[in-house]
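Enquirer: Be aware that the sequence shown starts at 1, since it is given in full-length UniProt numbering, and climbs by one per residue. Virtual Cβ for every residue (Gly too), placed ideally from N, Cα, C. These numbers were taken from a predicted model, which means no experiment stands behind them.
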Amino acid sequence: MKENVVPPAIEVPAELNTTDLLERQVEQDPTNVLFGRQLSPGEWTDVTAREFRDDVVALAKGLVARGIDEGGRVAIMAPTRYEWTLLDFAIWYAGCITVPIYETSSPAQVAWIVEDSEVSLVVVDSASHEKVVDRAVSQEKLQIPAGVLRLDNDDLNQLRAAGAEVEDAEIERRRSRAGLSDLATIIYTSGTTGRPKGCELTHGNFTELSLQTTHSLGHVVNKDSSTVLFIPLAHVFARFISVLSVAAGTRVGHTADIKELVDDLGTFRPTFLLAVPRVFEKIYNAAMMKAESEGKGGIFTKAAQTAIDWSKAQQAGKVPFGLNLKHKLFSKLVYSKLHARMGGRVTHAVSGGSPLGARLGHFFHGIGVMIMEGYGLTETTAPITVNTPENYRIGTVGVPLPGCAVRIADDGEVLGRGVCVFSGYRNRPELKDEAFTEDGWFRTGDLGSLDDDGFLTITGRKKEILVTAAGKNVAPAQLEDQIRADAIVSQVVVVGDGRPFVAALVTLDGETLPQWLERHGIDPETPMGELIRREEIVAHVQSVVDRANESVSRAESIRTFRLLEEDFTIESGHLTPSMKIKRPSVMKDYAEVVDDLYAQAAADRKD
Numbered sequence: 001m002k003e004n005v006v007p008p009a010i011e012v013p014a015e016l017n018t019t020d021l022l023e024r025q026v027e028q029d030p031t032n033v034l035f036g037r038q039l040s041p042g043e044w045t046d047v048t049a050r051e052f053r054d055d056v057v058a059l060a061k062g063l064v065a066r067g068i069d070e071g072g073r074v075a076i077m078a079p080t081r082y083e084w085t086l087l088d089f090a091i092w093y094a095g096c097i098t099v100p101i102y103e104t105s106s107p108a109q110v111a112w113i114v115e116d117s118e119v120s121l122v123v124v125d126s127a128s129h130e131k132v133v134d135r136a137v138s139q140e141k142l143q144i145p146a147g148v149l150r151l152d153n154d155d156l157n158q159l160r161a162a163g164a165e166v167e168d169a170e171i172e173r174r175r176s177r178a179g180l181s182d183l184a185t186i187i188y189t190s191g192t193t194g195r196p197k198g199c200e201l202t203h204g205n206f207t208e209l210s211l212q213t214t215h216s217l218g219h220v221v222n223k224d225s226s227t228v229l230f231i232p233l234a235h236v237f238a239r240f241i242s243v244l245s246v247a248a249g250t251r252v253g254h255t256a257d258i259k260e261l262v263d264d265l266g267t268f269r270p271t272f273l274l275a276v277p278r279v280f281e282k283i284y285n286a287a288m289m290k291a292e293s294e295g296k297g298g299i300f301t302k303a304a305q306t307a308i309d310w311s312k313a314q315q316a317g318k319v320p321f322g323l324n325l326k327h328k329l330f331s332k333l334v335y336s337k338l339h340a341r342m343g344g345r346v347t348h349a350v351s352g353g354s355p356l357g358a359r360l361g362h363f364f365h366g367i368g369v370m371i372m373e374g375y376g377l378t379e380t381t382a383p384i385t386v387n388t389p390e391n392y393r394i395g396t397v398g399v400p401l402p403g404c405a406v407r408i409a410d411d412g413e414v415l416g417r418g419v420c421v422f423s424g425y426r427n428r429p430e431l432k433d434e435a436f437t438e439d440g441w442f443r444t445g446d447l448g449s450l451d452d453d454g455f456l457t458i459t460g461r462k463k464e465i466l467v468t469a470a471g472k473n474v475a476p477a478q479l480e481d482q483i484r485a486d487a488i489v490s491q492v493v494v495v496g497d498g499r500p501f502v503a504a505l506v507t508l509d510g511e512t513l514p515q516w517l518e519r520h521g522i523d524p525e526t527p528m529g530e531l532i533r534r535e536e537i538v539a540h541v542q543s544v545v546d547r548a549n550e551s552v553s554r555a556e557s558i559r560t561f562r563l564l565e566e567d568f569t570i571e572s573g574h575l576t577p578s579m580k581i582k583r584p585s586v587m588k589d590y591a592e593v594v595d596d597l598y599a600q601a602a603a604d605r606k607d
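Given below as structure tokens:
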């Protein structure tokens, strides 16, 4: 199959916008709880649809009183928290446009976003973020007409007070002005290459896609469901789920500190989660390491394999009697404990950002958590395809959502079209021909295939295909995803472009490594510089690489690797906020390491 087009499930009026999603909730059930607001660790207070809307209006009035014109840009630079979504809707109610800024952004990045999008007001989380904005303004001699507000002091209350004299009719006029085709937000791609591009997403992108999605995921996202948002709301994935949850009347909590996630899940008790694959890998690895530290590693290994085998058998259409019995046994002994760590009520999860891997998908499905892997980009308002409870195939990223379409170009590139696709890049009209085909399909830059039933599988990134000196094409993701799934591996970058063979740079996971070291009789306090040269660790990583190599031809296999002392992080500039590798940055900063790796390999062959 070369193309899969899914017609819209419903017709959405052209005059609708994101604020109407909230208005509908207030009209249908003003007492429905839309948010759980965390006051202190473990303490959540309910916020109803009416309470949320009233506060949104109060803040929108404050924005008007502060002099923000209709169509004005308001930037938010803060971690994931309740006030982020509150302000997002207040900006829309004021007839304005939200510009997210990642809290990890540098002054240069902030300056570029503020200048390119013509921001009128910046809302920051704390004094540290305010300092970054101040440096950006002073270094580039920028003007922010309405100044900077902070969330960790009394600024929001002052904003509410300032808007007390603004008429309700003015907010209603501004709120209802936009239609589906009007601009709602400018999201700057975190980018694995070059300066961030501002993706202009419309009210239609969020509103229509949310309403269409409720028809596909209505069993998961509804008034009886709940979730905790913990990935950055500056990222389109979390932002879409935030809007979708309002559209569906779903209860949402927020947590900014990933270290507190397990505790927050335990007290909020969500029914579904959304995360990037690295989070699911960490859940699995943490459970495995805990079992091994308690002397139950063998039981966990058998339980994990049983979950995988059971899921595969169920997907094939028949589960053998004996396998069913083993599965029920481990459900009581092992799987129930994993459920408890996620709050005890999670039945579904949405994964995006990078490939999940079939093994991990089968494992979670086997323990009773259906991970609905999807695919999309900032330019497609997050999901263009997704697996659903009724249309589910592990190892794929699903089928197009209603109103969306996917086509495979002759060179294997995935093309997209539909209600989710953005209108263009801010101030970059010259990129239209590069971004779209002549007949209007968006070029995703990813490679993939459609099976006979229209399920999409992503096989790699078009620009990341390596070509060895022998002319062999290698897709790094296929190897990287398998190696990264190991308990003590953090990140992997496969190299080999123009080289005689394929190699890899590997970093270790500082969170899970101490338990592994204790089990192997190694002092957990040993410096990382010494650990990467330990025979036991090198041998373990070699075994992981060997297993990954079994999935590719010899010409594509990793012949050697180098363990690095420092991990790749968002702060180091080597990961995007959605945990994707910035390959050009890694190759630039570790050019000497890569050269030395190949030089050493050549010397070893001569010896």
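Which value, in whole angstroms, describes the spacing of the CA atoms of Thr192 and Thr576?
Expert: One-based indexing of the sequence shown puts residue 192 at position 192. One-based indexing of the sequence shown puts residue 576 at position 576. Note that Thr192 scores 47 on pLDDT, short of 50, meaning its location in the model is unreliable; the coordinates nonetheless yield the value given after this. Distance between the alpha carbons of Thr192 and Thr576 is about 7 Å.
Enquirer: Relative to the C-alpha of Thr560, which residue among Glu373, Val594, Thr396 and Glu536 is closest?
Expert: Mapped onto the sequence shown, residue 560 falls at position 560. Here the closest residue by C-alpha is Val594.
Enquirer: Ile483 to Leu180, Cα distance in whole Å?
Expert: Counting from 1 along the sequence shown, the entry for residue 483 is found at position 483. Counting from 1 along the sequence shown, the entry for residue 180 is found at position 180. Each residue's alpha carbon lies about 43 Å from the other.
Enquirer: Between Phe230 and Arg81, what straight-line distance do the alpha-carbon atoms span, to the nearest angstrom?
Expert: Within the sequence shown, the letter at position 230 stands for residue 230. Within the sequence shown, the letter at position 81 stands for residue 81. In a straight line, the C-alpha of Phe230 is about 8 Å away from that of Arg81.
Enquirer: In three-state terms, what does DSSP make of Gly445?
Expert: Indexing the sequence shown from 1 puts residue 445 at position 445. Strand.
Enquirer: Where does Pro524 land, buried or exposed, given buried means 16+ other C-beta within 10 angstroms?
Expert: As a first step, residue 524 must be located in the sequence shown, where it is residue number 524. By the 10 Å Cβ count, Pro524 comes out exposed.
Enquirer: If we ignore side chains and look at the alpha-carbon of each, how far apart do Val122 and Ile91 end up?
Expert: Your numbering for residue 122 matches position 122 in the sequence shown. Your numbering for residue 91 matches position 91 in the sequence shown. Going from the Cα of Val122 to the Cα of Ile91 covers about 12 Å.
Enquirer: Name, in chain order, the residues that DSSP records as bridge partners for Gln38.
Expert: Residue numbering aside, residue 38 sits at position 38 when the sequence shown is read from its first letter. Paired residue(s): Trp44.
Enquirer: Going by C-alpha distance, which of Gly361, Leu456, Asp69 and Val502 is nearest Ala469?
Expert: Here residue 469 is taken as the residue at index 469 of the sequence shown, counted from 1. Ranking the options by Cα distance to Ala469, first place goes to Val502.
Enquirer: Measure from the alpha carbon of Val6 to the alpha carbon of each residue in Pro389, Pro402 and Thr250, then state which is nearest.
Expert: Stepping through the sequence shown from its first residue, residue 6 is reached at position 6. Taking only the C-alpha atoms, the option nearest Val6 is Pro402.
Enquirer: When we look at the beta-carbon of Lys259 and count the other beta-carbons within 10 Å, is it buried (16 or more) or exposed?
Expert: Walking along the sequence shown from the start, residue 259 turns up at place 259. Lys259 should be labelled exposed.
Enquirer: So the alpha helix (DSSP H) Glu130 belongs to, where does it begin and stop?
Expert: Numbered from 1 along the sequence shown, position 130 holds the residue referred to as residue 130. Looking at the DSSP string, the run of the alpha helix (DSSP H) that includes Glu130 is Ala127 to Glu140.
Enquirer: Please confirm whether Val12 and Thr207 have their CB atoms less than 8 Å apart.
Expert: Within the sequence shown, residue 12 is the residue found at index 12, counting from 1. Within the sequence shown, residue 207 is the residue found at index 207, counting from 1. Contact: yes.
Enquirer: Measuring only the C-alpha atoms, how far is Asn205 from Ala234?
Expert: Locating residue 205 in the sequence shown gives position 205, where the first residue counts as 1. Locating residue 234 in the sequence shown gives position 234, where the first residue counts as 1. Whole-angstrom Cα-Cα distance: 16 Å.
Enquirer: I think Thr457 touches Gly448, with their Cβ atoms under 8 Å apart; what is that distance to the nearest whole Å?
Expert: Within the sequence shown, numbered from 1, the residue matching residue 457 stands at position 457. Within the sequence shown, numbered from 1, the residue matching residue 448 stands at position 448. Contact flag correct, Cβ pair sits at about 6 Å.
Enquirer: Taking DSSP as the reference, what is the three-state secondary structure of Phe422?
Expert: On the sequence shown, position 422 is the one that residue 422 refers to. Looking at Phe422 - three-state DSSP - the assignment turns out to be coil, as it is neither helix nor strand.
Enquirer: Do Leu159 and Leu149 have their C-beta atoms within less than 8 Å of each other?
Expert: Taking the first residue of the sequence shown as 1, we reach residue 159 at position 159. Taking the first residue of the sequence shown as 1, we reach residue 149 at position 149. A contact, by the Cβ cut-off of 8 Å.
Enquirer: By alpha-carbon positions, which one of Gln139, Thr85 and Glu103 ends up nearest to Leu22?
Expert: On the sequence shown, residue 22 is found 22 positions in, with the first residue counted as 1. Per the Cα distances, Thr85.
Enquirer: For Ala14, which residues in the same chain have their Cβ closer than 7 Å to its Cβ, ignoring the five residues on either side in sequence?
Expert: Within the sequence shown, numbered from 1, the residue matching residue 14 stands at position 14. Answer for Ala14: Gly179 and Leu180, listed in chain order.
Enquirer: Is the beta carbon of Thr444 closer than 8 Å to that of Leu201?
Expert: On the sequence shown, residue 201 is found 201 positions in, with the first residue counted as 1. On the sequence shown, residue 444 is found 444 positions in, with the first residue counted as 1. The answer is no: Cβ separation not under 8 Å.
Enquirer: At 3 residues or longer, what runs of the beta strand (DSSP E) sit wholly inside the stretch 227-300?
Expert: If we require 3 residues or more, the beta strand (DSSP E) runs fully inside the stretch 227-300 come out as 251-254 and 272-275.
Enquirer: Distance check for Ile68 and Val133, CA to CA, integer angstroms please.
Expert: In the sequence shown, counting from the first residue as 1, residue 133 sits at position 133. In the sequence shown, counting from the first residue as 1, residue 68 sits at position 68. Looking at the two C-alpha atoms, the distance is approximately 19 Å.
Enquirer: Could you give the residue range of the beta strand (DSSP E) that holds Thr560?
Expert: Reading the sequence shown from its first residue, position 560 is the one you call residue 560. That run of the beta strand (DSSP E) goes Ile558 to Leu563.
Enquirer: Go through the stretch 357-389 residue by residue and report every complete run of the alpha helix (DSSP H) that reaches 4 residues or more, in order.
Expert: Within the stretch 357-389, the complete alpha helix (DSSP H) runs of at least 4 residues are 358-367.
Enquirer: Taking C-beta to C-beta, are His313 and Phe330 nearer than 8 Å?
Expert: Residue numbering aside, residue 313 sits at position 313 when the sequence shown is read from its first letter. Residue numbering aside, residue 330 sits at position 330 when the sequence shown is read from its first letter. Reading off the sequence shown, one finds Ala at residue 313, where the question assumed His. Cβ distance not < 8 Å, so Ala313 and Phe330 don't count as in contact.
Enquirer: Can you tell me where the alpha helix (DSSP H) holding Thr569 begins and where it ends?
Expert: Reading the sequence shown from its first residue, position 569 is the one you call residue 569. Segment: none, Thr569 is in no alpha helix (DSSP H) and carries neither H nor E.
Enquirer: Does the beta-carbon of Ala603 have 16 or more other beta-carbons within 10 angstroms, so that it is buried, or is it exposed?
Expert: As a first step, residue 603 must be located in the sequence shown, where it is residue number 603. Answer is exposed; the Cβ neighbour count stays below 16.
Enquirer: In three-state DSSP terms, what is Asn324?
Expert: For this step, residue 324 is matched to residue 324 along the sequence shown. Asn324: helix per DSSP, three-state reduction.
Enquirer: DSSP has Pro400 in a bridge; who is on the other side?
Expert: Indexing the sequence shown from 1 puts residue 400 at position 400. DSSP lists Thr385 as partners of Pro400.
Enquirer: Do you know offhand how far Leu505's Cα is from Gln315's?
Expert: The residue given as residue 505 occupies position 505 in the sequence shown. The residue given as residue 315 occupies position 315 in the sequence shown. Their backbone Cα atoms lie some 36 Å apart in a straight line.
Enquirer: Just verifying my parser: in three-state terms, what is the DSSP assignment at Phe52?
Expert: One-based indexing of the sequence shown puts residue 52 at position 52. Helix, per DSSP.
Enquirer: From Asp263, Arg173 and His365, pick the residue whose C-alpha is nearest to that of Gly42; which is it?
Expert: Locating residue 42 in the sequence shown gives position 42, counting from the first residue. If we check each option's Cα against that of Gly42, Asp263 comes out closest.
Enquirer: To the nearest angstrom, report how far apart Ser553 and Asp567 are at their CA atoms.
Expert: Within the sequence shown, the letter at position 553 stands for residue 553. Within the sequence shown, the letter at position 567 stands for residue 567. Rounded to whole angstroms, Ser553 to Asp567 spans 29 Å at the Cα level.
Enquirer: Counting Cβ pairs, one atom from each stretch, are 3 or more of them under 8 Å apart for the stretch 336-344 and the stretch 365-376?
Expert: Yes: the two stretches touch, three or more of their Cβ pairs being nearer than 8 Å.
Enquirer: My guess is that Leu265 and Met342 are in contact by the Cβ rule of under 8 Å, so how many angstroms apart are they, rounded?
Expert: Counting from one through the sequence shown, the residue named residue 265 turns up at place 265. Counting from one through the sequence shown, the residue named residue 342 turns up at place 342. Rounded, the Cβ-Cβ distance is 5 Å, consistent with contact.
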